[in-house]
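A.B. asks: This is the structure I have questions about; it appears just below.
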Amino acid sequence: MYSTIVVGAGVAGTVIARELTKKDEKVLIIEKKNHIGGNCFDARDEHGVLIHPYGPHIFHTNSEVVRTYLNEFTDWRDFHHEVVANVHGKYMPVPFNLHTLKEAFPEEADALKEKLTAAYGMGNKVPILDLMNHEDPDLQKIGKFVYDNIYVYYTMKQWGKKPEEIDPAVTARVPVNVSYDNGYFADKYQGLPKEGFTPMFDAMLNHPNITVELNTEAKDVLKLERGRKYFRGEEFDGKVIFTGPLDEFFDCKYGRLPYRTLRFDFEYYDKADFQDGHSVVNYTVSEDFTRITEYKWLTGQDCEGTTISKEYPFAYTGAEGEIPYYSIANPENEALYQKYKADVEEYKDFYLLGRLAEYKYYNIDVMVEKALDLSAKIS
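Residues in the sequence shown are numbered consecutively from -3, following this note's numbering.
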């Protein structure tokens, strides 16, 4: 019945499934979760607030191709993302910029601004490490403040590191912006689908040549044996686009690929606002969670109450309910991934696509672009 089987109904799987229908292919998508959209899935909670169960997702891109493609399936709510850090109870814009400088050094801000602009020029970005190693002690002071109060403890929580395990040469590459721009992203297009991410995916999958099966584990129905592909016990000669975790498809036979995962604790408050109108607040020097998201400020909802989520990172173990979010890039993990990748290379028309299948982190726009490129190459 099907010429292509796509494993996973997230961004990668949905885009390539839709593209392959343009070649008159009949596509079956099998999805482990009980919904489409992958981690971009959104839905209303019991209080009617539109939330992102897997954490906040904001689309941003400079790609005209990607933006034009997604415009076929959704209208947009423009949203210029701004983030603040809670530093000892005070909200400070991040990435660190001249507004943050005023908050951190209220008495010295003007003089420090003059030194920053003289050394690096207005509108430029300066790695924290450059400031920490600068000959001027005042510029060193700025770099040390940003490193100590905004990045070190946050990095410890996010990646499960001890202070001595954090390499300043890596962490301190994060820039200080010598400008008054509070924007978290610099991309030309920023926003969220006007009706939500899930309706956008619904529109993509609304095609007579696409069938979606939810609650279906790939390794239960798809087998690779001696150079041949089998689907539900019968040999399958069509294409397979695999977007899931490659190690788990092979029962982690070489060992589990390390990831960081997240736990989201959702709380509803019967009041108009929780964090002074900020959609995302990072907790960089306190608390066990890394950030709080208040969803109504992302989506522009007009609702009396508000729902927030607190985000707790920890090491992924593969336990029930855990989701692999962030691959951990190092030579050892890449070598382990290559063992799994080698096991599928002998199979004709078996393609790996996406952050789990490729063991890389991709933003939404890059994932769309990669899916479009792969579709063009294989069909």
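Where a beta carbon is used, it is the ideal one built from N, C-alpha and C, also for glycine.
(1) Residues in the same chain with beta-carbon distance under 7 angstroms from residue 142, minus the five sequence neighbours each way, listed in chain order, please.
(2) Between the alpha carbons of residue 6 and residue 177, how many angstroms are there, rounded?
(3) Less than 8 angstroms between the CB atoms is what I'm expecting for residue 353 and residue 242, so what's the real figure, rounded?
(4) Quick one: residues in its chain with C-beta nearer than 7 angstroms to the C-beta of residue 140, no 5 flanking neighbours on either side, listed in chain order?
(5) Since residue -3 is in the beta strand (DSSP E), which residue starts that stretch and which ends it?
(6) Quick check on residue 40: does DSSP put it in helix, strand or coil?
(7) Indicate the three-state DSSP secondary structure (helix, strand or coil) for residue 280 in the structure shown.
(8) What are the uninterrupted segments assigned as beta strand (DSSP E) that are 3 or more residues long and contained completely in the stretch 174 to 212, given in chain order?
(9) Please state whether the Cβ-Cβ distance between residue 214 and residue 362 is less than 7 angstroms.
(10) Could you pull the DSSP bridge partners for residue 221 from this structure?
(11) How do the stretch 324 to 341 and the stretch 277 to 296 stand: do at least 3 beta-carbon pairs fall below 8 angstroms, yes or no?
(12) Assuming residue 180 and residue 77 are in contact, meaning their beta carbons sit under 8 angstroms apart, how far apart are those beta carbons, in whole angstroms?
(13) Count the C-beta pairs between the stretch 337 to 353 and the stretch 232 to 241 that are closer than 8 angstroms, then say yes if the count reaches three, no if not.
(14) Per DSSP, what kind of secondary structure is residue 94 in: helix, strand or coil?
(15) I need the straight-line Cα distance from residue 170 to residue 355, nearest angstrom please.
(16) Please classify residue 310: is it buried, with 16 or more other beta-carbons within 10 angstroms of its beta-carbon, or exposed?
(17) Output the distance between the C-alpha atoms of residue 364 and residue 132, rounded to the nearest integer angstrom.
C.D. replies: Taking the definition as stated:
(1) Cβ neighbours of residue 142 beyond the five flanking positions: 92, 124, 172.
(2) The alpha-carbon atoms of residue 6 and residue 177 are separated by roughly 32 angstroms.
(3) With 8 angstroms as the limit, residue 353 and residue 242 qualify as a contact, their Cβ atoms being about 6 angstroms apart.
(4) Excluding residues within five positions, the ones whose Cβ falls inside 7 angstroms are 128.
(5) Careful: residue -3 lies outside any beta strand (DSSP E) and carries neither H nor E.
(6) Under the three-state reduction of DSSP output, residue 40 falls in the strand class.
(7) Of the three classes helix, strand and coil, the one that applies to residue 280 here is coil, per DSSP.
(8) Counting whole runs of 3 or more residues, the stretch 174 to 212 contains the beta strand (DSSP E) stretches 185 to 189, 206 to 209.
(9) In this structure, residue 214 lies away from residue 362, with their beta-carbon atoms at least 7 angstroms apart.
(10) For residue 221, the beta-bridge partners assigned by DSSP are 224.
(11) Result no; under three Cβ-Cβ pairs closer than 8 angstroms.
(12) The distance from the Cβ of residue 180 to that of residue 77 is about 4 angstroms, consistent with a contact at the 8 angstroms cut-off.
(13) Yes, since at least three Cβ pairs between the stretch 337 to 353 and the stretch 232 to 241 fall closer than 8 angstroms, the two stretches touch.
(14) For residue 94, the three-state secondary structure derived from DSSP is helix.
(15) Residue 170 and residue 355: Cα-Cα distance of roughly 23 angstroms.
(16) Residue burial is scored here from C-beta neighbours: residue 310 has fewer than 16 other C-beta atoms within 10 angstroms and is therefore classed as exposed.
(17) Roughly 45 angstroms separates the two Cα atoms.
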